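The structure appears right after this line, and notes come after that.
In the numbering used here, the protein residues as written are 706 to 1032.
Pasting the structure below:
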């Protein structure tokens, strides 16, 4: 088995686990507020995060080098987590994924003012076509748009923004700092809001939350291994396999079947995202390759930051040195 095939296979396993993780979120979302789900998923992730932090031998403090950028990214991460969980709870899985798949398109746009990236006409056309695909999924005027749709759009935008900020400051910030601040912020903010939405949880639901945290952590490890093994241009597109899992899980567990517009729109968005990945992977077309270097799953607040881990210690990325900048 070649390195690229192995990397793709590992990524497929990771995104399959993330999709299973989202089934638990949607199941719990039928009963509990996304605020409560995010709070407990982050709370139950702290033991795993502590183990990772104990293994970080890099000297320094927990004070960020770029406090304002870190604050902005932390806010983006908090918004992304709760809005994505709300979307998963209230929309069909396929619709949620289709909208979240617009994240690479938004990363491409945001890379211009934040990273100074030059986006030429082909990538601009891909962005516009992909956003048109989002409109096909939403089909305003033809279907009722809900808060779930707004939450998915907000998660895609804030997730893209947070990823771009990490790409900008990640080379100078400690992995510990990049990991800890969003987790603590989610814990504090959701904890403060919890008093207004809390419902007692039986032990089996707490167990499901623990499974969410564990699956996110294991899936993150698989993605690390995938990017260490295969080329980013091969591994990155594997995220789109989640639409297949979403279709299957929607049919099996929630009696959901994607309509024609969702299927067509998702196809357009995926094709646009694949084109952007292809263009970034070609030499001379992108200085920063912001989409290829975005290796964390959007909308999972309990997931450890993958890119920082891949550039520290034993998790160091084995690709070319220009790809070693954490995002």
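Don't be surprised by glycine CBs; every beta carbon is placed ideally from N, CA and C. Note that the structure is a prediction, hence the values are computed from the model and not measured.
| Using CA coordinates, which residue listed in 989, 990, 973, 997 is at the minimum distance from residue 938? | Residue nearest to residue 938 within the set 989, 990, 973, 997 is 997 (criterion: CA-CA distance).
| said: At 4 residues or longer, what runs of the alpha helix (DSSP H) sit wholly inside the stretch 759-847? | reply: Annotation: the stretch 759-847 contains the following complete segments of the alpha helix (DSSP H) (minimum length 4 residues), in chain order: 772-795, 798-805, 808-820, 826-843.
| task | Assign residue 723 to one of three DSSP states: helix, strand, or coil. | result | Note: residue 723 maps to helix in three-state DSSP.
| task | With DSSP as the reference, label residue 985 as helix, strand or coil. | result | The answer is helix: DSSP assigns residue 985 an H, G or I state.
| task | Look at the Cβ atom of residue 978, then the Cβ atom of residue 797, and state whether they are nearer than 7 Å. | result | The answer is no: Cβ separation not under 7 Å.
| In chain order, what residues of the same chain lie with their CB nearer than 7 Å to the CB of residue 967, ignoring the 5 residues before and after it? | These residues qualify, in order along the chain: 799, 800, 803, 842.
| said: By the three-class DSSP mapping on this structure, what secondary structure does residue 898 have? | reply: Collapsing the DSSP output to three states places residue 898 in a helix.
| task | Please confirm whether residue 928 and residue 746 have their CB atoms less than 7 Å apart. | result | Their beta carbons are not under 7 Å apart, which means residue 928 does not touch residue 746 by this criterion.
| task | Could you name the residues of the same chain whose beta carbon sits closer than 7 Å to that of residue 1019, not counting the 5 residues immediately before and after it, in chain order? | result | Bear in mind that the predicted position of residue 1019 carries a pLDDT of just 39, short of 50, making it unreliable; the figure below should be weighed with that in mind. None.
| query | Are the stretch 932-950 and the stretch 764-776 touching by the rule of at least three beta carbon pairs closer than 8 Å? | reply | Look at the beta carbons and you see the stretch 932-950 not touching the stretch 764-776: under three pairs across the two are nearer than 8 Å.
| Buried versus exposed call for residue 826 [16 or more other C-beta atoms within 10 Å across all chains shown] | Classification of residue 826: exposed, given that the 10 Å Cβ count is below 16.
| task | Answer with buried or exposed for residue 1010, where buried requires no fewer than 16 other C-beta atoms within 10 angstroms of its C-beta. | result | Per-residue confidence for residue 1010 stands at a pLDDT of 49, beneath the threshold of 50, marking its modelled position as unreliable; no derived number is given.
| query | Do the stretch 852-862 and the stretch 870-890 make contact, defined as three or more Cβ pairs closer than 8 Å? | reply | No, the stretch 852-862 does not touch the stretch 870-890.
| query | Can you give the Cα-Cα distance for residue 905 and residue 899, rounded to whole angstroms? | reply | Answer to the nearest angstrom: the Cα atoms are 11 Å apart.
| task | Under 8 Å by Cβ, that's how I've got residue 743 and residue 887 pegged, so tell me the actual separation to the nearest angstrom. | result | The pair is not a contact, with the Cβ atoms about 11 Å apart (cut-off 8 Å).
| task | Return the chain-ordered ranges of every alpha helix (DSSP H) run that is complete within the stretch 929-1005 and spans a minimum of 4 residues. | result | 937-940, 947-958, 965-986, all fully within the stretch 929-1005.
| When the Cα atoms are used, what is the spatial distance from residue 903 to residue 914? | Cα-Cα distance, rounded: 15 Å.
| C-beta atoms of residue 791 and residue 856 nearer than 7 Å | For residue 791 and residue 856, yes; Cβs fall inside 7 Å.
| field | Spatial distance of residue 943 from residue 926 (CA atoms) | value | Note on geometry: alpha-carbon atoms of residue 943 and residue 926 lie some 15 Å from one another.
| query | When you compare each of 814, 848, 934 to residue 965 by their alpha carbons, which one comes out closest? | reply | By alpha-carbon distance to residue 965, the top candidate from 814, 848, 934 is 848.
| Whole-Å CB distance - residue 863 paired with residue 779, under 8 Å assumed | A Cβ-Cβ distance of about 11 Å is found for the pair residue 863 and residue 779, leaving them out of contact under the 8 Å criterion.
| said: Between residue 882 and residue 749, how many whole angstroms is the CB-CB distance? I'm expecting something under 8 Å. | reply: Taking C-beta atoms under 8 Å as the contact rule, residue 882 and residue 749 fail to qualify, at a distance of about 22 Å.
| query | Of all the options 722, 740, 952, 756, which has the alpha carbon lying nearest to the alpha carbon of residue 894? | reply | Distances from the CA of residue 894 to each of 722, 740, 952, 756 were compared; the closest alpha carbon is that of 740.
| request: Look up residue 732 in the DSSP assignment and say whether it is helix, strand or coil. | output: Residue state, collapsed to three classes: helix.
| query | Within this structure, are the beta carbons of residue 859 and residue 788 separated by less than 7 Å? | reply | Yes. Within cutoff.
| query | Relative to the C-alpha of residue 920, which residue among 728, 709, 710, 706 is closest? | reply | Put simply, of 728, 709, 710, 706 the residue whose alpha carbon is nearest the alpha carbon of residue 920 is 728.
| request: Apply the 10 Å Cβ neighbour rule to residue 911 and answer buried if 16 or more other Cβ atoms are within range, or exposed otherwise. | output: Exposed, by the Cβ-count rule.
| request: Can you tell me which of 934, 949, 908 puts its alpha carbon nearest to the alpha carbon of residue 733? | output: When each option's Cα is compared against that of residue 733, the closest is 908.
| task | For residue 1003, collect the residues of the same chain with a Cβ closer than 8 Å to its Cβ; drop the 5 residues on either side in sequence, then sort them by chain order. | result | Correct list, in chain order: 785, 789, 805, 808, 860, 861, 864, 865, 868.
| message | If contacts are defined as beta-carbon pairs under 8 Å, then residue 838 and residue 974 qualify, I think. What distance do you get, rounded to the angstrom? | response | Indeed, because the Cβ distance is near 4 Å, the residues count as touching under 8 Å.
| field | Candidates 758, 738, 840, 945, of which the one nearest residue 1069 by Cα | value | A query on residue 1069 cannot be resolved here, the shown segment of the chain reaching from 706 to 1032 and no further.
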